[in-house]
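Structure, as structure tokens:
Protein chains: 2
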Amino acid sequence: MYRQIGASGSFGGHGRLAAADLAVAQSGQLDALLAIERLALRLNYARNQEIYAEGDPGGYWYKVVSGAVRVFKFLADGRRYLAQFCFAGDCFGFEGTDERLFSAEAVSNAVVLRLPRHATERLVDQNPAAARALRETMLRDLANAYGRMLRLGRMTAAARVAAFLIEMAERSDRRKKLDLPMPRNDIADYLGLTIETVCRVLSSFKRNGIIAIPSAHSIEICDRRALDLAADT
Amino acid sequence: MYRQIGASGSFGGHGRLAAADLAVAQSGQLDALLAIERLALRLNYARNQEIYAEGDPGGYWYKVVSGAVRVFKFLADGRRYLAQFCFAGDCFGFEGTDERLFSAEAVSNAVVLRLPRHATERLVDQNPAAARALRETMLRDLANAYGRMLRLGRMTAAARVAAFLIEMAERSDRRKKLDLPMPRNDIADYLGLTIETVCRVLSSFKRNGIIAIPSAHSIEICDRRALDLAADT
DNA sequence: CGCCAGTTTGACCAAGATCAACGCAAGTGG
DNA sequence: CCACTTGCGTTGATCTTGGTCAAACTGGCG
Chain V
27 MYRQIGASGS
37 FGGHGRLAAA
47 DLAVAQSGQL
57 DALLAIERLA
67 LRLNYARNQE
77 IYAEGDPGGY
87 WYKVVSGAVR
97 VFKFLADGRR
107 YLAQFCFAGD
117 CFGFEGTDER
127 LFSAEAVSNA
137 VVLRLPRHAT
147 ERLVDQNPAA
157 ARALRETMLR
167 DLANAYGRML
177 RLGRMTAAAR
187 VAAFLIEMAE
197 RSDRRKKLDL
207 PMPRNDIADY
217 LGLTIETVCR
227 VLSSFKRNGI
237 IAIPSAHSIE
247 ICDRRALDLA
257 ADT
Chain Z
27 MYRQIGASGS
37 FGGHGRLAAA
47 DLAVAQSGQL
57 DALLAIERLA
67 LRLNYARNQE
77 IYAEGDPGGY
87 WYKVVSGAVR
97 VFKFLADGRR
107 YLAQFCFAGD
117 CFGFEGTDER
127 LFSAEAVSNA
137 VVLRLPRHAT
147 ERLVDQNPAA
157 ARALRETMLR
167 DLANAYGRML
177 RLGRMTAAAR
187 VAAFLIEMAE
197 RSDRRKKLDL
207 PMPRNDIADY
217 LGLTIETVCR
227 VLSSFKRNGI
237 IAIPSAHSIE
247 ICDRRALDLA
257 ADT
């Protein structure tokens, strides 16, 4: 699968480019999009360093080269709402507004490409295939958003955590041994739970032999069947 | 504002076309899009009648002329997840998959236009302005989706119901006296609450003078300030 | 070794779900 | 016209889930 380029509506969903990339590649527009990527600035961020903040001007979008990024905002009462995690190949910061609605920070040390929005828009205007790929990506993001809405609204804590582990497994290359670079804190804010609940659920999964936790940031899925079952409880 | 035409990623958000329509109108592409609308079939649905069901082929999208529509799916355990309400001018059924992921039913007696998807796609491929309008609409839907995710994940029952009333007020023409065509049932499934909780919250708002409930399906907002306050508690 | 950030566990509490009645208005049939 | 049903809506009593508060644990690092 191609992960070279991308103009993703990564504002929603996890922002991978999967089929969109593929479509573009197949349509022979890869060169044009690679040209865009040559306009990118390569930036390094340390753990917890800010990439942009709510309210900043939003003239760029980003693509993760390595490491992980969190996109979030603070609520009036001080709680934090974590909209998405982005890993290598994922795009973010494509909000379509002049001002950033969210902030972005590096979860771990991260390298990202920064691309000017207007150049991308020009390309997409001239290139129906790229536009179509972008639309498809956005539709997929939208579908993801609806799925997550469902989980947040109706699923138990255990189901949310299970779904999170499954999501991370799907998005990582290795399916069994998961590396979770983010602290429990971030997971809780992503799932609309407290850190204690996340811990408890993970512990209970461990007790039941569904997962193993060799270290806090490394989780192994032992019983995928049971995890799937737990995910739609 | 123009509400004549639309190719909305209405799968997300409430599916209005607001700024997107405007953009298209300004760019002088209105005629082309009106031509699309001439391909539409006008359909009548009675209250609770099915428009399409999960699993059906998804070759069309729809635009509500009058009445209201709910888009939903059933979960494995029999609960229902209500993804969106659509009113006059809103579009729905633009999922981008071959099979329907959701079902759609008329909430009240409704008239809808049904449009073939491929014709729309052809238009959008040939017309960068229309494509851009569509992208903007989808981005807005995505932003709505993230807002709703936030509410579903982190807000109290009272805040969800308050936000719902505000959303309905924003979307209806008259801002004070709200007509809520959907049963409490639907509201609960939209907000991820039980019908009892929705009732209780509405009753408490009434007790506090924030709203009046002349009849079950008609709600008057008496104290908008207090309602706004309740919405981000 | 001690400190510190992050993680885990336990005890208790509260928001909302569940279960169970009851109310109420719109049909429906005698 | 009036019992009776039926579909919603509302209210109350109890229970469960997950949040809150508090404390202990762990690993990395000076």
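One line per chain: the protein sequences are V and Z, in this order.
Here my numbering is used: the first residue of the first sequence is 27, the next is one more, and so on.
Here my numbering is used: the first residue of the second sequence is 27, the next is one more, and so on.
C-beta: ideal position from N, C-alpha, C; glycine also.
Bear in mind the structure is a predicted one, so any value in this text is a computation, not a measurement.
Exercise for the section: Report the rounded CA-to-CA distance for G81/V versus A171/Z, giving the unit in angstroms. Expected result: As a working note, residue 81/V is residue 55 in the first sequence. As a working note, residue 171/Z is residue 145 in the second sequence. Roughly 20 Å between the two C-alpha positions.
Practice task
Give a yes or no on whether 7 Å exceeds the smallest Cβ distance from M175/V to chain Z.
Solution key: Within the first sequence, numbered from 1, the residue matching residue 175/V stands at position 149. With 7 Å as the cut-off, M175/V counts as an interface residue toward chain Z.
Handout entry: One or two residues paired with P205/V in a DSSP bridge
Key = Position 179 of the first sequence, counted from the start, is the residue given in the question as residue 205/V. First, the amino acid is wrong: residue 205/V is Asp here, not Pro. In the DSSP output, where bridge partners are listed per residue, D205/V has S244/V.
Practice task
Report, in whole angstroms, the separation of the C-beta atoms of A132/V and V95/V, which I expect to be a contact under 8 Å.
Solution key: Within the first sequence, residue 132/V is the residue found at index 106, counting from 1. Within the first sequence, residue 95/V is the residue found at index 69, counting from 1. A132/V to V95/V, Cβ: 6 Å. Contact.
Practice task
Answer yes or no: do A157/V and A155/Z have a C-beta to C-beta separation smaller than 7 Å?
Solution key: Here residue 157/V refers to the residue found at position 131 when the first sequence is read from its first residue. Here residue 155/Z refers to the residue found at position 129 when the second sequence is read from its first residue. No. Outside cutoff.
Practice task
Output, in chain order, the set of chain Z residues within a Cβ distance shorter than 7 Å of P154/V.
Solution key: Taking the first sequence and counting its residues from 1, one reaches residue 154/V at position 128. What P154/V touches in chain Z: D151.
Handout entry: Secondary structure of Q52/V, DSSP reduced to three states
Key = Sequence index remark: in the first sequence, residue 52/V carries index 26 (1-based). The predicted position of Q52/V is uncertain, since its pLDDT is 36 and thus under 50; a value taken from the coordinates is nonetheless stated next. Q52/V: helix per DSSP, three-state reduction.
Problem - Contact with chain V by L191/Z, beta-carbon distance below 7 Å - result: Locating residue 191/Z in the second sequence gives position 165, counting from the first residue. No, L191/Z lies away from the interface with chain V (no Cβ there is under 7 Å from its Cβ).
Problem - Interface positions of the stretch 79-109 of chain V facing chain Z (Cβ-Cβ less than 9 Å), listed along the chain - result: K99, L101, A102, D103, R105, Y107 and A109
Practice task
Could you tell me which residues DSSP pairs with K89/V in its beta bridges?
Solution key: For the purposes of this step, residue 89/V is taken as the residue at position 63 of the first sequence. Looking at the DSSP assignment, K89/V forms a beta bridge with C117/V and L139/V.
Exercise for the section: Compare the C-alpha of L228/V against each of C117/V, R251/V and V187/V and name the closest. Expected result: On the first sequence, position 202 is the one that residue 228/V refers to. With distances taken between CA atoms, L228/V lies nearest to V187/V out of C117/V, R251/V and V187/V.
Practice task
Using a Cβ cut-off of 7 Å (strictly closer), state whether D258/V contacts chain Z.
Solution key: As a first step, residue 258/V is located in the first sequence; it is residue number 232 there, counting from the start. Closer than 7 Å: yes.
Problem - Within chain V, the residues that D167/Z reaches when beta carbons sit closer than 8 Å - result: Here residue 167/Z refers to the residue found at position 141 of the second sequence. Those within 8 Å of D167/Z in chain V are L168.
Practice task
Could you tell me whether the stretch 95-106 of chain Z touches the stretch 118-135 of chain Z, where touching means 3 or more Cβ pairs closer than 8 Å?
Solution key: yes
Handout entry: Beta carbon of G174/V nearer than 7 Å to that of M175/Z
Key = Walking along the first sequence from the start, residue 174/V turns up at place 148. Walking along the second sequence from the start, residue 175/Z turns up at place 149. Checking the sequence, you will find Arg at residue 174/V rather than Gly. Yes, these two residues count as a Cβ contact at 7 Å.
Handout entry: Exposure label - L206/V; buried when at least 16 CB within 10 Å
Key = As a working mapping, residue 206/V is identified with position 180 in the first sequence. Its Cβ being crowded by 16 or more others within 10 Å, L206/V is buried.
Exercise for the section: Could you tell me the boundaries of the alpha helix (DSSP H) in which S129/V lies? Expected result: What you label residue 129/V is simply residue 103 of the first sequence in a count that begins at 1. From DSSP, S129/V is part of no alpha helix (DSSP H) but of the beta strand (DSSP E) over S129 to A132.
Problem - Chain-ordered neighbours of E162/V on chain Z, where CB pairs are closer than 7 Å - result: Walking along the first sequence from the start, residue 162/V turns up at place 136. Residues of chain Z passing the Cβ test: G122.
Practice task
With 7 Å as the threshold, decide whether the Cβ of L178/Z is near any Cβ in chain V.
Solution key: By one-based count along the second sequence, residue 178/Z stands at place 152. It does; some Cβ of chain V falls within 7 Å.
Handout entry: Within-7 Å CB hit, A157/Z to chain V
Key = In the second sequence, the residue the question calls residue 157/Z occupies position 131. Closer than 7 Å: yes.
Practice task
Return the CA-CA distance between R42/Z and R233/V, expressed in angstroms with no decimal places.
Solution key: Taking the first residue of the second sequence as 1, we reach residue 42/Z at position 16. Taking the first residue of the first sequence as 1, we reach residue 233/V at position 207. Summary for R42/Z: the model assigns pLDDT 45, below 50, so the residue's position carries little reliability; its value from the coordinates is reported in the next sentence. R42/Z and R233/V: Cα-Cα distance of roughly 48 Å.
Exercise for the section: For P83/V, write down the residues that DSSP places opposite it in a beta bridge. Expected result: As a working mapping, residue 83/V is identified with position 57 in the first sequence. Bridge partners of P83/V: E125/V.
Practice task
Please check the pair L204/V and A214/V, which I expect to be a contact at CB under 8 Å, by giving their CB distance rounded to whole angstroms.
Solution key: Translated into positions along the first sequence, residue 204/V becomes position 178. Translated into positions along the first sequence, residue 214/V becomes position 188. About 17 Å; that fails the 8 Å criterion.
Problem - Assigned exposure category for G115/Z - 16 Cβ within 10 Å defines buried - result: In the second sequence, residue 115/Z corresponds to position 89, counting from 1. Answer is buried; the Cβ neighbour count reaches 16.
Practice task
Give the straight-line distance between the Cα atoms of D249/V and F190/V, rounded to the nearest whole angstrom.
Solution key: Numbered from its first residue, the first sequence carries residue 249/V at position 223. Numbered from its first residue, the first sequence carries residue 190/V at position 164. Roughly 15 Å between the two C-alpha positions.
Problem - Euclidean distance between Cα positions of E63/Z and L141/Z - result: Your numbering for residue 63/Z matches position 37 in the second sequence. Your numbering for residue 141/Z matches position 115 in the second sequence. Taking the straight line joining both Cα atoms gives about 7 Å.
Handout entry: Beta-carbon proximity check, L165/Z vs V150/Z, cutoff 7 Å
Key = Mapped onto the second sequence, residue 165/Z falls at position 139. Mapped onto the second sequence, residue 150/Z falls at position 124. No, the Cβ-Cβ distance between L165/Z and V150/Z is not below 7 Å.
Practice task
Measure the alpha-carbon distance for P83/V versus L217/V and round it to whole angstroms.
Solution key: The residue given as residue 83/V occupies position 57 in the first sequence. The residue given as residue 217/V occupies position 191 in the first sequence. CA-CA distance, P83/V to L217/V, rounds to 28 Å.
Practice task
Quick one: grab the DSSP three-state call for N153/Z.
Solution key: What you label residue 153/Z is simply residue 127 of the second sequence in a count that begins at 1. Looking at N153/Z - three-state DSSP - the assignment turns out to be coil, as it is neither helix nor strand.
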